[in-house]
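Residue numbers (the numbering used here): 182 to 529.
Positions of the beta carbon are idealized from the N, C-alpha and C atoms, including for glycine.
Written below as structure tokens is the structure these notes are about.
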Amino acid sequence: MSPVVVREEPLRRFVDEVCAAMGAPADVAAEVAAHLVRASLSGHDGQGVARLPGYAAEADAGALVPGAVPRVVRETAVVALFDAGHGFGAYSTAVALAWCVERARVSGLAAAAVGRSADIGRVGDYGERAAEAGVLAVVTAGTAGRGAGATMLQGGRDRFLGGNPWCFAVPGGERSLVAGGATSTVAEADVRLARARAEQLPPDCVLDRYGRPSTDPDDLFAGGGLAPLGGAVAGQVGTGLALASALFGALATSREDAGDAAGGVFVQVVDPAAFGEGAGYREVVDRTLAAAAGTRPGAGRTEVLLPGELERRSRVERRRTGVLLPDATWTDLSALADRFGVPPPERG
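Written as structure tokens, this is what we have:
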């Protein structure tokens with residue numbers, strides 16, 4: 182069976198209806214649908230609508246509570262602690278980001294930690310929102326502990342870390358910088374996608390059960406794990422960033438609940454206007470990024486692409502042509518449609 186093409190709006194509507202059928206309130210379902218579809222449009226297929234069947238499975242297992250909404254546990258003028266109640270992470274993180282942006286407008290900066298959150302999706306999405314709002318932001322979501330995630334430490338053979346992504350957002354006038362990604366060499370969702378497509382992985386992405394490098398995505402599901410960012414040469418960098426992510430997120434973890442594990446979501450926002458250089462700062466960002474993009478491409482290359490440019494181009498292209506869903510993803514989505522009594526998205 183050939184891949185299926187689906188347009189943005191039918192796909193968003195389908196995800197919205199499935200989330201609602203799972204028990205999510207209307208605003209939560211709409212946020213999750215918009216987030217997953219934006220990830221697919223941005224070219225991050227493994228973090229897009231392909232995640233929906235996994236969310237349904239997590240809800241079945243009790244790890245995800247679709248009807249939960251975040252509540253404020255502790256709050257000052259510039260700091261908030263949220264309890265997501267095991268609800269959709271895309272919604273609770275969006276709430277935390279909006280809170281930080283609002284408070285940073287007044288105080289110059291703000292930070293929030295979110296505990297008991299399910300998967301937050303594509304972390305770059307929050308950076309893009311922050312940049313559009315004209316603020317700098319740091320967003321990370323991490324876990325650490327035996328069996329806490331699929332990533333192994335540098336030189337190890339035990340799973341200990343999640344994908345633990347970071348995102349840094351810097352607003353400009355003409356263009357902004359949104360940079361970051363997982364602290365594993367590749368996201369687990371992308372390995373699942375490669376497996377669904379029957380594709381091999383590049384070197385230094387997956388380790389087998391003995392901690393040896395592999396290119397076979399099946400090794401991840403046979404006792405292996407993800408390699409830390411930097412691979413065999415510089416894996417200490419990825420290991421350090423992953424541990425930092427989990428420990429920043431642990432601001433939302435009580436000592437009684439933590440045990441030897443740590444994790445959570447951390448968001449920090451800075452308003453450049455608080456430094457008296459709002460418009461001037463954006464001009465500096467524009468000049469620097471323009472100069473970076475204007476550097477000479479290396480041999481065999483035609484241009485230098487800045488972080489975020491591939492995602493921007495993908496959104497333009499996929500809004501024009503539609504999102505290409507692999508056969509396995511379409512089959513999974515069709516099964517969800519049957520289960521929840523929701524019409525499948527129109528092919529486009």
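Of the choices the options, whose alpha-carbon is the least far from that of residue i?
{"i": "ARG493", "options": "GLY224, ARG193, GLU198", "result": "GLY224"}
{"i": "GLY315", "options": "ARG193, VAL450, THR469", "result": "VAL450"}
{"i": "ASN345", "options": "ARG463, GLY243, ALA205, GLY444", "result": "GLY444"}
{"i": "SER426", "options": "ARG390, VAL230, ALA363", "result": "ALA363"}
{"i": "PRO488", "options": "GLY361, ALA318, CYS281", "result": "GLY361"}
{"i": "ARG390", "options": "LEU382, THR396, PRO383, GLY404", "result": "GLY404"}
{"i": "ALA238", "options": "THR257, ASP300, LEU374, ARG468", "result": "ASP300"}
{"i": "GLU283", "options": "ALA318, PRO383, GLN335, LEU382", "result": "ALA318"}
{"i": "ALA370", "options": "PRO384, TRP280, SER357, PHE402", "result": "PHE402"}
{"i": "GLY421", "options": "TYR462, THR257, GLN335", "result": "GLN335"}
Leaving out five residues on either side along the sequence, give the residues of the same chain with a beta carbon under 6 angstroms from the beta carbon of residue i.
{"i": "GLY305", "result": "CYS348, VAL359"}
{"i": "ARG496", "result": "LEU222, SER223"}
{"i": "GLY326", "result": "ASP441, ALA442"}
{"i": "LEU432", "result": "ALA294"}
{"i": "ALA509", "result": "ALA377"}
{"i": "GLY411", "result": "VAL418, GLY419"}
In this structure, what does DSSP give as the bridge partners for residue i?
{"i": "TRP347", "result": "THR321, GLY362"}
{"i": "THR332", "result": "LEU342, LEU407"}
{"i": "ALA293", "result": "ALA261, VAL448"}
{"i": "ARG252", "result": "ASP264"}
{"i": "LEU388", "result": "PRO394, GLY406"}
{"i": "ALA443", "result": "ALA325"}
{"i": "ARG528", "result": "VAL187"}
{"i": "LEU470", "result": "Looking at the DSSP assignment, LEU470 forms no beta bridge with any residue, so it has no partner."}
{"i": "LEU505", "result": "VAL186"}
Measure the CB-CB distance between residue i and residue j and report whether it falls below 8 angstroms.
{"i": "SER273", "j": "PRO247", "result": "no"}
{"i": "GLN417", "j": "ARG303", "result": "no"}
{"i": "THR332", "j": "ALA240", "result": "no"}
{"i": "LEU290", "j": "ALA455", "result": "yes"}
{"i": "ALA168", "j": "SER365", "result": "This structure leaves residue 168 out entirely; the chain is present only between 182 and 529."}
{"i": "GLU212", "j": "ALA312", "result": "no"}
{"i": "ALA329", "j": "GLY308", "result": "no"}
{"i": "ASP293", "j": "GLY266", "result": "Correcting the residue type first, residue 293 is Ala in the shown sequence and not Asp. No, the Cβ-Cβ distance between ALA293 and GLY266 is not below 8 angstroms."}
{"i": "LEU245", "j": "VAL230", "result": "no"}
{"i": "ARG376", "j": "PRO394", "result": "no"}
{"i": "LEU506", "j": "PRO184", "result": "yes"}
{"i": "VAL485", "j": "THR476", "result": "yes"}
{"i": "ALA215", "j": "ARG232", "result": "no"}
{"i": "ARG338", "j": "GLY392", "result": "yes"}
{"i": "GLY296", "j": "THR483", "result": "no"}
{"i": "ALA242", "j": "VAL253", "result": "no"}
{"i": "ALA277", "j": "PHE263", "result": "yes"}
Could you round the C-beta distance between residue i and residue j to whole angstroms and report it? I think they count as a contact, below 8 angstroms.
{"i": "GLY503", "j": "VAL186", "result": "4 angstroms"}
{"i": "VAL448", "j": "GLY430", "result": "Contact flag wrong, Cβ pair sits at about 10 angstroms."}
{"i": "GLY323", "j": "SER298", "result": "In fact, because the Cβ distance is near 11 angstroms, the residues do not count as touching under 8 angstroms."}
{"i": "LEU470", "j": "GLY353", "result": "6 angstroms"}
{"i": "PRO191", "j": "PRO526", "result": "4 angstroms"}
Sorted by chain position, which residues of the same chain lie with C-beta nearer than 7 angstroms to residue i's C-beta, five sequence neighbours on each side aside?
{"i": "LEU428", "result": "ALA443"}
{"i": "ALA285", "result": "ALA291, VAL316, VAL450, VAL451, ASP452"}
{"i": "GLY406", "result": "ALA331, THR332, MET333, ARG340, LEU388"}
{"i": "ARG188", "result": "GLY503, GLY529"}
{"i": "ALA210", "result": "ASP197, CYS200, ALA201"}
{"i": "ALA368", "result": "GLY227, GLN228, GLY344"}
{"i": "ARG219", "result": "ASP306"}
Below 8 angstroms CB to CB, which residues in the same chain sit around residue i once its five sequence neighbours on both sides are set aside?
{"i": "VAL523", "result": "PHE195, GLU198, VAL199, ALA202, LEU517"}
{"i": "ALA460", "result": "GLY354"}
{"i": "PRO384", "result": "PRO394, THR396, GLY412"}
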